[in-house]
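Asker: Here you go, one structure.
Numbering (the working numbering), first residue to last: 6 to 106.
Structural data, given as structure tokens:
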């Protein structure tokens, strides 16, 4: 009688452990599938065409040719800098661009 109770207890434990392992495997499969989804290509960030950047610089009064070229070289590399330039009032833009050096 004692042997049967012990065997039943061990069978319940094995079943419970088996269920726990299957549950973990299910979680692992789910997280693996989520990881695969994260490898999908991200949308490309918005990039301002270089011609638009150049046109913006040419609209700034009294900005010398060399200053336009230097500023253009910096702004085509950083969309954030270009957006910051656009937020400034026109009378601040020249001085701000010259401070970037």
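Don't be surprised by glycine CBs; every beta carbon is placed ideally from N, CA and C.
Please read all numbers here as calculations on a predicted model, not as lab measurements.
#1: How far does the alpha helix (DSSP H) with residue 60 in it extend, from its first residue to its last?
#2: Less than 8 Å separating the beta-carbons of residue 84 and residue 52?
#3: Taking 8 Å as the threshold (C-beta atoms), are residue 74 and residue 80 in contact?
#4: Can the beta-carbon of residue 109 be found less than 8 Å from the beta-carbon of residue 65?
#5: With distance defined between alpha-carbon atoms, name the residue in 88, 78 and 94 nearest to residue 106.
#6: If we ignore side chains and look at the alpha-carbon of each, how far apart do residue 100 and residue 46 end up?
#7: According to DSSP, is residue 69 helix, strand or coil?
#8: Is the beta carbon of residue 102 sitting closer than 8 Å to the one on residue 67?
#9: Using a Cβ-Cβ cut-off of 6 Å (strictly less than) and excluding sequence neighbours within five positions of residue 76, which residues of its own chain qualify?
#10: Along the alpha helix (DSSP H) that carries residue 92, what are the first and last residues, could you check?
Answerer: Looking at the atomic coordinates:
#1: Sequence index remark: in the chain shown, residue 60 carries index 55 (1-based). Residue 60 -> alpha helix (DSSP H) spans 55-63.
#2: Mapped onto the chain shown, residue 84 falls at position 79. Mapped onto the chain shown, residue 52 falls at position 47. Taking C-beta atoms as the reference points, residue 84 and residue 52 count as a pair closer than 8 Å.
#3: Your numbering for residue 80 matches position 75 in the chain shown. Your numbering for residue 74 matches position 69 in the chain shown. Contact flag unset, no.
#4: For residue 109 there is no data in the structure shown, the boundaries of the chain being 6 and 106.
#5: Here residue 106 refers to the residue found at position 101 when the chain shown is read from its first residue. Residue 106 has its Cα closest to that of 78, out of 88, 78 and 94.
#6: The count along the chain shown starts at 1 and reaches residue 100 at position 95. The count along the chain shown starts at 1 and reaches residue 46 at position 41. The straight-line gap from Cα to Cα measures roughly 39 Å.
#7: Taking the chain shown and counting its residues from 1, one reaches residue 69 at position 64. The answer is coil: DSSP assigns residue 69 none of H, G, I, E or B.
#8: Taking the chain shown and counting its residues from 1, one reaches residue 102 at position 97. Taking the chain shown and counting its residues from 1, one reaches residue 67 at position 62. The answer is no: Cβ separation not under 8 Å.
#9: Within the chain shown, numbered from 1, the residue matching residue 76 stands at position 71. Here the set comprises 62 and 102.
#10: Locating residue 92 in the chain shown gives position 87, counting from the first residue. Looking at the DSSP string, the run of the alpha helix (DSSP H) that includes residue 92 is 84-92.
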